[in-house]
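Notes follow once the structure below has been shown.
Numbering (our numbering), first residue to last: 9 to 633.
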């Protein structure tokens with residue numbers, strides 16, 4: 009599903025769409041099959057805004073291949089949705105676009121008690137909601153308390169507050185969070201803080217999508233002013249944003265079901281930026297390179313691209329869900345299938361070099377947590393050994409050369425894929441070839457909406473991917489038993505219904521570990537466990553391949569600065585920093601990796617947690633794609 013997020017990443021995923029809760033996806037109405045774009049988007053930007061009577065407005069239009077799952081920060085997990093929330097609501101902390109270290113957000117400083125069970129944040133006094141009211145610590149306390157007490161409000165980000173004991177606001181600029189046990193993500197709480205005076209009127213957080221009344225009250229660099237499902241999201245620059253107003257007057261995310269059409273729109277100047285699905289294909293990127301007024305950004309990505317195997321979907325109450333093939337409950341079968349996947353061919357033939365061969369759950373961009381299996385552990389490409397593993401698992405061939413299950417029926421696996429992602433389809437064809445040689449059939453089930461079958465557990469395998477943040481807690485949490493839905497009818501935060509006691513024990517230990525090296529070692533052990541289980545087989549780490557028009561955007565910040573992505577950042581830096589090509593500021597020598605000035609403010613922390621902050625912890629929901 010992407011998130012992230014777009015998988016994203018995050019979150020919580022993306023081109024592929026990341027998994028969201030069944031309740032959210034059912035509530036968010038499925039878009040029309042045909043793409044309906046408003047007339048304002050049918051013309052080049054300058055013409056469109058002349059028609060609006062707003063000739064002087066500068067508009068940055070971003071073509072995206074993912075639709076919004078929800079505009080509620082309590083429900084959204086797709087990368088596009090969480091990116092919008094990054095733009096419209098402040099988080100307690102943010103992350104420097106230069107090198108990802110923690111910097112102030114809504115909180116100007118923070119400190120912990122010696123036992124690390126009480127965290128005190130100073131809330132800035134210069135942040136106001138877009139309706140003119142002051143942002144206070146009470147807004148933050150109400151946001152967290154609502155997530156702690158309302159299951160619907162905990163849908164997207166509940167893992168961040170599961171260890172919270174009490175949250176209070178002694179005064180307008182002081183927020184106090186008391187923990188049940190130490191928690192290593194207290195400067196990486198990737199939770200949008202919402203205005204209490206607006207959201208306390210909501211009756212059912214599990215159903216409220218925040219998409220009816222505009223403008224939406226927020227305190228980020230942009231204000232959400234309009235939305236049409238499966239068409240566009242429009243935002244207006246917040247001139248009163250405490251860090252300074254964005255350079256573009258408006259920001260529009262325009263949805264394209266057909267990625268080639270989005271690339272064509274970029275060529276025509278109808279959009280300023282193309283993010284891809286979630287990235288441009290090698291052919292699209294190659295066709296754009298060298299074109300006048302177009303810059304292609306190709307950098308190491310923060311996503312992984314995987315095959316998820318149905319582990320026997322079930323809820324916390326023990327009730328089973330869906331109809332996953334019973335043979336996949338055998339770890340030997342899952343590992344055999346992956347040994348018959350040629351990851352090098354995927355990198356060379358599908359991604360054409362714009363990706364790195366997959367291994368562990370966290371991409372190499374985050375070197376602290378990057379893990380690779382040992383030589384004896386690695387499931388290297390070996391079709392002959394894969395066949396022998398299937399034999400040992402009891403899946404032998406019949407007279408027709410087909411593998412049969414314990415019921416004597418030939419095995420055909422259903423692989424859930426995203427109709428909008430060309431990589432899913434291309435790799436799916438390879439799976440049909442590779443697994444066909446093992447005597448196993450493959451049916452590709454490519455859908456515009458993969459949500460419903462995914463959440464119902466009605467698949468055998470599925471293409472999956474998330475955008476991962478430098479602090480990997482969120483993407484690790486979605487594979488814990490606690491993330492399962494309470495009942496088959498309820499919503500869960502799980503990605504793929506994985507529930508393993510050994511993994512859960514490691515997760516709890518890493519969450520409570522402040523020492524950077526010891527925590528990283530625990531995270532790598534979690535990745536090793538996931539790898540051995542075979543429920544999440546990472547095939548590749550795709551690059552972030554995207555493009556923009558230099559005659560519309562003079563400069564824009566990548567994250568990290570030296571070689572990073574523009575779309576789907578852990579913050580609002582790209583769109584907040586973007587400079588219109590025809591503005592006075594565009595005459596300076598700023599590069600496409602411009603540095604945001606003044607963000608490294610004085611962060612006051614106890615010396616005891618200095619090493620922890622050096623880990624450059626960051627939030628983790630954008631990745632939910």
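Positions of the beta carbon are idealized from the N, C-alpha and C atoms, including for glycine. For clarity, every value in this text was computed on a predicted model and none was experimentally measured.
Spell out a yes or no on whether the region 272-290 and the region 91-99 are touching, meaning 3 or more CB-CB pairs, one atom from each, closer than 8 Å. In short, these stretches do not touch, since the Cβ pair count stays below three.
Here's a check: name, in chain order, each residue in its chain whose Cβ is nearer than 7 Å to the Cβ of residue 136, leaving out the five neighbours to either side. If you number the chain shown from 1, residue 136 lands on position 128. Only 142, 143, 227, 248 meet the Cβ criterion.
So, does the region 305-319 touch the region 541-550, judging by three or more C-beta pairs under 8 Å? Three or more beta-carbon pairs drawn from the region 305-319 and the region 541-550 are found closer than 8 Å, and the two stretches are therefore classed as touching.
Can you tell me which of 231, 194, 146, 586 puts its alpha carbon nearest to the alpha carbon of residue 110? As a working note, residue 110 is residue 102 in the chain shown. Here the closest residue by C-alpha is 194.
Within the same chain, show all residues whose beta-carbon is closer than 8 Å to that of residue 323, passing over the 5 residues directly before and after it, in chain order. Along the chain shown, read from residue 1 onward, the residue named residue 323 stands at position 315. Non-local beta-carbon contacts of residue 323 in its own chain, meaning distances under 8 Å to residues more than five positions away in sequence, involve 329, 492, 493, 494, 495, 496, 498, 500 in chain order.
Suppose the cutoff is 6 Å on Cβ atoms and the five residues either side in sequence are ignored; what does the same chain contact list for residue 167 look like? If you number the chain shown from 1, residue 167 lands on position 159. Excluding sequence neighbours, residue 167 sits near 485.
Is residue 355 near residue 555, with beta carbons less than 8 Å apart? Within the chain shown, numbered from 1, the residue matching residue 355 stands at position 347. Within the chain shown, numbered from 1, the residue matching residue 555 stands at position 547. No, the Cβ-Cβ distance between residue 355 and residue 555 is not below 8 Å.
Determine the direct distance from the alpha carbon of residue 118 to that of residue 177, and round the result to whole angstroms. In the chain shown, residue 177 corresponds to position 169, counting from 1. In the chain shown, residue 118 corresponds to position 110, counting from 1. Going by the C-alpha atoms only, they are around 14 Å apart.
Residue of 428, 309, 326 minimising C-alpha distance to residue 372: Locating residue 372 in the chain shown gives position 364, where the first residue counts as 1. Shortest Cα-Cα distance from residue 372 to any of 428, 309, 326 involves 309.
Need the endpoints of the beta strand (DSSP E) that residue 554 sits in, please. Numbered from its first residue, the chain shown carries residue 554 at position 546. Its beta strand (DSSP E) spans residues 552-557.
Are the region 153-166 and the region 121-141 touching, with three or more C-beta to C-beta distances below 8 Å? No, the region 153-166 is not in contact with the region 121-141.
Helix, strand or coil, according to DSSP, for residue 472 in the structure here? One-based indexing of the chain shown puts residue 472 at position 464. Residue state, collapsed to three classes: strand.
Cβ pair count under 8 Å reaching 3, the region 183-197 against the region 76-92: Between the region 183-197 and the region 76-92, the count of C-beta pairs closer than 8 Å stays below three; the two stretches do not touch.
Beta-bridge pairing of residue 383 - partner residues as DSSP gives them: As a first step, residue 383 must be located in the chain shown, where it is residue number 375. In DSSP, residue 383 forms no bridge with anything.
Measure the alpha-carbon distance for residue 393 versus residue 343 and round it to whole angstroms. The residue given as residue 393 occupies position 385 in the chain shown. The residue given as residue 343 occupies position 335 in the chain shown. Their backbone Cα atoms lie some 10 Å apart in a straight line.
Entirely within the region 69-152 and at least 4 residues each: give me those alpha helix (DSSP H) ranges in chain order. List check, alpha helix (DSSP H) in window: 87-96.
For residue 467, which residues in the same chain have their Cβ closer than 8 Å to its Cβ, ignoring the five residues on either side in sequence? The residue given as residue 467 occupies position 459 in the chain shown. Apart from sequence neighbours up to five positions away, the residues of its chain that approach residue 467 with a beta-carbon distance below 8 Å are 318, 330, 332, 422, 423, 424, 453, 461, ordered along the chain.
Rounded straight-line distance, which links the Cα of residue 202 to that of residue 533: Translated into positions along the chain shown, residue 533 becomes position 525. Translated into positions along the chain shown, residue 202 becomes position 194. So the two alpha carbons sit approximately 36 Å from each other.
Residue 416 and residue 549: beta carbons closer than 8 Å? Position 408 of the chain shown, counted from the start, is the residue given in the question as residue 416. Position 541 of the chain shown, counted from the start, is the residue given in the question as residue 549. Between residue 416 and residue 549, the C-beta gap is not smaller than 8 Å, which leaves the two residues out of contact.
With distances taken from CA atoms, which of 536, 465, 279 is nearest residue 387? In the chain shown, counting from the first residue as 1, residue 387 sits at position 379. Minimum Cα distance to residue 387 is reached at 536.
Report all residues from its chain with a CB closer than 7 Å to the CB of residue 595; omit the five preceding and five following residues, and keep chain order. Within the chain shown, numbered from 1, the residue matching residue 595 stands at position 587. Residue placement at residue 595 is flagged as unreliable, the pLDDT there being 49, under the threshold of 50; the coordinate-derived value follows with that caveat. Answer for residue 595: no residue qualifies.
What is the DSSP secondary structure of residue 438, reduced to helix, strand or coil? Working through the chain shown from its first residue, we reach residue 438 at position 430. Note: residue 438 maps to helix in three-state DSSP.
Would you list the one or two residues that DSSP bridges to residue 311? The residue given as residue 311 occupies position 303 in the chain shown. Answer is 475.
Take the Cβ of residue 407 as the centre, count every other Cβ of all protein chains shown within 10 Å, and call the residue buried at 16 or more, exposed below. By one-based count along the chain shown, residue 407 stands at place 399. Exposed, since its Cβ has fewer than 16 Cβ neighbours within 10 Å.
Give every residue of the same chain whose Cβ lies closer than 6 Å to the Cβ of residue 560, excluding the five residues on either side of it in the sequence, and list them in chain order. Taking the chain shown and counting its residues from 1, one reaches residue 560 at position 552. Within the same chain, and ignoring the five residues on either side of residue 560 in sequence, the residues whose Cβ sits closer than 6 Å to its Cβ are 280, 589.
Closer than 6 Å by C-beta to residue 378: which residues in its own chain qualify, once you throw out the five before and the five after it? Chain order, please. Residue numbering aside, residue 378 sits at position 370 when the chain shown is read from its first letter. Contacts found: 370, 372.
Can you pull the DSSP bridge partners for residue 317? Within the chain shown, residue 317 is the residue found at index 309, counting from 1. Residue 317 pairs with 469.
For residue 329: DSSP bridge partner residues: Here residue 329 is taken as the residue at index 321 of the chain shown, counted from 1. Answer is none; residue 329 lacks a bridge partner.
Leaving out five residues before and five after residue 527 in sequence, what residues of the same chain have Cβ atoms less than 8 Å from its Cβ? Counting from one through the chain shown, the residue named residue 527 turns up at place 519. Here the set comprises 192, 518, 521, 623.
Using DSSP's beta-bridge definition, name the partner residues of residue 426. As a working mapping, residue 426 is identified with position 418 in the chain shown. In the DSSP output, where bridge partners are listed per residue, residue 426 has 455.
Counting C-beta neighbours from all protein chains within 10 Å, is the total for residue 337 16 or more, i.e. buried, or is it exposed? On the chain shown, position 329 is the one that residue 337 refers to. So residue 337 counts as exposed.
Residues near residue 659 by beta carbon distance below 7 Å, same chain, minus five either side: Since the first residue of the chain shown is 9 and the last is 633, residue 659 is not available in this structure.
Residue 295 lies in the alpha helix (DSSP H); which residues open and close that run? Here the question's residue 295 lines up with position 287 in the chain shown. Note, residue 295: alpha helix (DSSP H), 290-296.
According to DSSP, is residue 47 part of a helix, a strand, or is it coil? For this step, residue 47 is matched to residue 39 along the chain shown. Only weak support is given to the placement of residue 47: the predicted model assigns it a pLDDT of 32, under 50, and the value that follows is read from those uncertain coordinates. Of the three classes helix, strand and coil, the one that applies to residue 47 here is helix, per DSSP.
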